[in-house]
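Worksheet: one structure, shown below.
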Amino acid sequence: MKRRWGYNEEEVGEAVELSGVPRQELFLQSKIHPEDLGYAATKRAFARSLRRLKTDYLDAMLAP
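For the sequence shown, full-length UniProt numbering begins at 1 and goes up steadily by one.
The following block contains the structure:
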């Protein structure tokens, strides 16, 4: 599942949770917004995506 800026990670996380599909059968990907570049900002953005997507890992995290 891909998320673009402006799409809602919370809704994707809720849909994944309600789907009943095992997490290991999904490919979750997010991306870092250009405003979140730099070590600390990227780390915060990654943690925020994990929290919103209700998962403990992402399969891919894209950077600009």
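Every residue gets a Cβ at the ideal spot worked out from N, C-alpha and C, and that includes glycine.
For a test of the three-state rule: what should DSSP assign to ALA63, helix, strand or coil? coil
Classify LYS43 as helix, strand or coil using the three-state DSSP reduction. helix
Between GLN24, LEU53, PRO34 and VAL16, which has its C-alpha nearest LEU62's C-alpha? PRO34
Which residues bound the beta strand (DSSP E) around GLN24? Note, GLN24: premise wrong, no beta strand (DSSP E); not H, not E.
Where does SER19 land, buried or exposed, given buried means 16+ other C-beta within 10 angstroms? exposed
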